[in-house]
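Input: a single structure, listed below in structure tokens.
Protein chains in written order, with the numbering used here: chain W, 761 to 1074; chain Y, 270 to 591; chain C, -16 to 680.
Right, dumping it as structure tokens:
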């Protein structure tokens, strides 16, 4: 296990290094010079040169990369070019709402998807299974912005039950206004649910076809015991990996969903930084999302390892 | 070939039929596979209709996509007009015919998605097979870079790539009209390459230990010959499935980029962008978003149904993780 | 036991069973007409090749036929039709009254559940035992199937047990409720012979200990001979012959059975002559076709006449408890398949050496450290092959034998260069061969060809059958496209195949045909040496005989040398001039075949020979059971690698000093053992009784 953890942790360090290089290269390629942008219309030749030195922009790219990464490790993500504030505090305000959204969506989607997936998987090709499969098919096919808009049109516009946008008034948090969270969560859930449910179903069908489930049946065990003691625990192993994969999808979905509902989270911030060509801010947002995704994969790997006795000891 | 519980070989009916050309054989096989399940029988027509409309759409569209229907005597009536016989799907905020715009928007989306998925697959196949066959340190380094790229959610990676590439102008004048589209295709290709590379690498690693590959090595065949003449045909079914799966993701991704305003530039119609623009009128003119949304939805549902159908008919697992 | 049926009445009665699977890929008539019965206290052997429907028949006895099926006939368990039982009745019967042991124990046990609970849940389900009682009963069951340290095994996961131990757990699970009927479906296929021998012994022991009927399904006639009381033979979904075991082997009444018996290679006779093998032509009647009004074996039968293709023969009684599905059961004589040629070993002298290996060594991986590249060295490399020497003479066959983990496949791959050797020399005629195949010359590659185990994988499924042959011809013989095409057709004809096969996709060929294509490819460039790695292991006996005959006649014609790798002693005896016995990557014994198979033997060879089942019910059986496991190849041996399991271990010297190479008088027979040869011969003459150990796993 120690050997595995060291291996896995060193892999994630390598991965994140690749990630940070990509991100740094991207924001390097943005056309405008940060110093010019910061000075705006007041920039004189002299001022800009001065600021450039102050920001370290006159140094070589590898050196700037080193400074950026070192800062990021210590929690200093630099200064936003547009808002002219420390990025760490800007991101700090936006991070929490996004976490609420992501966590709630996972809490809703994962258990329900797994349950429905098992339910459908043990009765393949029945009417219920076909109905569930159809829902799953539609779910994975609809882009988040389409689902979000359908929901808005029906639930918010026509029925008027919920607000159409999810902007958070000043001084409030998503937790004080839970109603604004419902539509974004539902939208995110739709795709997650469909994807995890389909995977769980496929995995359950495969396990139900295995020799050890056959031998459990031929031991004369009750169907309930065959399913819940023999099939499901084994079928859940691939589902762990699937959930980790979906987190990548979820993070991408956040960008869209926050945009659809004007929800003030990290995804919106990222889009703003792209529109305003705010390099340092873009770097920070992308880095945070990539780190979150990498660690969710790490977490899945470890839990797989802990739950599957076959690889626990090797 | 599959084995049943008693270890017998199940003969595949019609396996002995031969058609002359490889293309004919492929087409026939594709049709047979797609039409042998309900999912395929529903999905194939949807996809075919979408493709046909994408080709002839611009020619049968009743109005020009850029024509503003603002008759001088009725200043406001033809803006955001509801669906009628004049404007089948209503009109948008500029009074443009939504039906015509939906008809004309499919071509770009399908072309870009197809090209992007293909490019990603080509890249992935090349990288994955070479790296997997070679093995050793090179393989380790290549796969770490792929891992690094896969640490980004697809949409984020696409956004980053487009932002970088999009900041530059077309290097040649003649490329100007296609520049934006090419960038999107290149982006999708880059985003999808790592996962395709992973799949193809694992196929190659498996095939490397198969007897027919070993006997090719014993004949003294070159690595290139073995990869492309022996392993590639063997991997074709996997490539086919990977392609259809990527195609549906590709459509989702291209339309999402359009929605975020990073697709092809207006005024040329883009379903994602139409939805984004129609959003503000959602309360009183939902048709401006519903029509393109429905178009995207049916297209992806069709592709996914077809994929599921083919996978089912081939007896493949319904999902390939990773 | 709650049997109300009178003693002697059949426990299980299968009457004219037909099972058809309706799959999306077509209709499979797995069982067409099968009838058999099993009585209490007897072992009924159900024999047949792949596709005969024997396993489906076994599963039908448990009422287990998943998917869409069409069933005809009756399956009566104690007079009650299993096919008409409802779910609750089936559940009460399965695992309780009828229990089953499966072919592959590794996949039949739940991988994420400890084995103890997997056994005790049967007890709790059927006998309503509580946790404490069921745990104790499970330990007793483990003891009764001779699992060592039963309490420790209880807490293991399946992957932590060896194949033999896993199968013992499955058997314990089947015995849990003292079933009335025990079904064993190929329980030893895939296990090593020495493991198989101990499992078979357990089955024979069970027969005496429990008052149950046993249905033993297998393709291996040797196994049938050693366990069964009566035998039913199946072919193409039909039972074709039923007889008491001795009568079946002495006086078979169906041409298929006769042919099958003559397909199994037999040990050489006293004067060193080997008996040739019957060649059953053609292949099994396809399961996709409905049965015509004819004998399904007619197309392959040497004595078929018009009647055979005009009416389907019924099962007819030919003697007490003996019946046959043949129109002419009394015309069947040993010579029905033609005279078998006997092949007297002419005592060819060892001619010129074609291939010589000295000190071949291959270790996989390097020392692994605790924390990636830091910390103490904790994982030694896998020592797959350590210091193997042999020479192959012109036109001769070296047989390499050993069980799983012995390193025989690695030796094969090292020879051809698929796996580079770490140390040692390899000379082909006068030339030193490079470790890797890519570094060898075309001429060297042409001179040494390989045949693999799995015929289906040795042809690229997406390319025409002839592709590999044509490529080899063009590369090695420098023929152009047209010439090589023509030559390839000749080659196919030479291996007894229709030249039209050349352009077919491989999936249209049967396994045996595919293996013959692989042989044609190997013969293509007239090589000096052919390395065959388990080349007949995946084939049914009748097909195996075709391939063995082909190899033999090719050698006689062309003086090609073979390196033949196998785990099957019968095949080894049939083909080899010299034998190399491998254990845990080391040579245990080597020399001319008659000397290796005779005394004195290395204790491992002795155990191996005693464990191999012989297709003769009256054969003397003295199995030497080996305790423990094959040691991990990561271990570095101070002494003899066999010491941990050796029944003849003499003391600490075996663990401490590497065994010396003892050569017999004529210097070509080498045994690596500490016991002096004459003493070893003395010991081995005195077997069986005193030296056998109670084997435990």
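Glycine included, C-beta positions come from ideal geometry on N, C-alpha and C.
| query | result |
| --- | --- |
| Neighbouring residues, chain W, relative to residue 105 of chain C (Cβ below 9 Å) | 979, 980, 981 |
| Inter-residue spacing [alpha-carbon to alpha-carbon] between residue 970 of chain W and residue 69 of chain C | 23 Å |
| Separation of residue 597 of chain C from residue 646 of chain C, as counted between CA atoms | 29 Å |
| CA nearest to the CA of residue 338 of chain C, picked from C/546, C/632, C/550, C/20 | C/546 |
| Counterpart residues of residue 373 of chain C in DSSP-defined beta bridges | C/340 |
| Own chain, CB closer than 6 Å to residue 342 of chain Y, minus 5 neighbours either side, in chain order | With a pLDDT of only 49 at residue 342 of chain Y, under the threshold of 50, the placement of this residue in the model should not be trusted; the figure read from the coordinates follows. Excluding sequence neighbours, residue 342 of chain Y sits near nothing in its chain. |
| Exposure of residue 248 of chain C, with buried meaning 16 or more beta-carbon neighbours within 10 Å | buried |
| Expected contact under 8 Å - CB spacing of residue 384 of chain C and residue 549 of chain C to nearest Å | 6 Å |
| Distance, residue 595 of chain C Cα to residue 479 of chain Y Cα | 30 Å |
| Under 8 Å by beta carbon: chain W residues contacting residue 92 of chain C | 972, 975 |
| Residue 324 of chain Y, enclosing alpha helix (DSSP H) - first and last residue | 307 to 329 |
| Contacts around residue 1038 of chain W, its chain only, beta-carbon distance under 7 Å, and the 5 residues preceding and following it disregarded | 840, 841, 842 |
| Boundaries of the beta strand (DSSP E) in which residue 559 of chain Y is found, first to last residue | Per DSSP, residue 559 of chain Y belongs to no beta strand (DSSP E); it is in the alpha helix (DSSP H), 556 to 583. |
| Boundaries (first-last residue) of the alpha helix (DSSP H) holding residue 544 of chain C | Counting along the chain, residue 544 of chain C falls outside any alpha helix (DSSP H), though it belongs to the beta strand (DSSP E) covering 544 to 549. |
| CA-to-CA distance, residue 421 of chain C to residue 455 of chain C, given in whole angstroms | 15 Å |
| Test item: CB-CB of residue 0 of chain C and residue 40 of chain C under 8 Å | yes |
| With 16 other Cβ atoms within 10 Å as the buried cut-off, status of residue 853 of chain W | exposed |
| Through-space distance from residue 285 of chain C to residue 219 of chain C, alpha-carbon basis | 17 Å |
| DSSP state of residue 683 of chain C mapped onto helix, strand, coil | For chain C, the structure presents residues -16 to 680; residue 683 of chain C sits outside this window and is missing. |
| First through last residue of the beta strand (DSSP E) which encompasses residue 1 of chain C | -7 to 6 |
| Beta-carbon contacts of residue 158 of chain C that lie in its chain and below 8 Å, excluding the five residues immediately before and after | 82, 124, 127, 128, 165, 189, 193 |
| Cross-chain neighbours of residue 1023 of chain W in chain Y, by beta carbon under 8 Å | Correct list: empty, because the minimum Cβ distance to chain Y is about 14 Å. |
| Contact set between the region 886 to 914 of chain W and chain Y, restricted to residues whose Cβ is under 8 Å from the partner | 897, 898, 900, 901, 902, 903, 904, 905, 906, 909, 910, 912, 913 |
| Completely contained beta strand (DSSP E) runs for the region 562 to 595 of chain C, where each covers 3 or more residues | 569 to 575 |
| Closest Cα partner of residue 933 of chain W within the set W/1032, W/860, W/1007 | W/860 |
| Min CB distance residue 1069 of chain W to chain C below 8 Å | yes |
| Beta-carbon contacts of residue 472 of chain Y that lie in its chain and below 6 Å, excluding the five residues immediately before and after | 504, 507 |
| Cutoff 8 Å: residue 884 of chain W Cβ touching any chain C Cβ | no |
| Beta-carbon proximity of residue 503 of chain C to residue 452 of chain C, cut-off 8 Å | yes |
| For residue 840 of chain W, the three-state DSSP class (helix, strand or coil) | coil |
| Neighbour-count burial assignment, residue 429 of chain C, 16 or more Cβ in a 10 Å radius | buried |
| Nearest-angstrom beta carbon gap, residue 441 of chain C and residue 524 of chain Y [assumed within contact, 8 Å] | Actually they do not touch by this definition, with Cβ atoms about 47 Å apart. |
| Neighbour-count burial assignment, residue 585 of chain C, 16 or more Cβ in a 10 Å radius | buried |
| Cβ shell of residue 33 of chain C (< 6 Å), same chain only, five flanking positions each side left out | 523 |
| Beta-carbon proximity check, residue 667 of chain C vs residue 575 of chain C, cutoff 8 Å | no |
| Contact set between residue 993 of chain W and chain C, taken where Cβ atoms lie within less than 7 Å | 95 |
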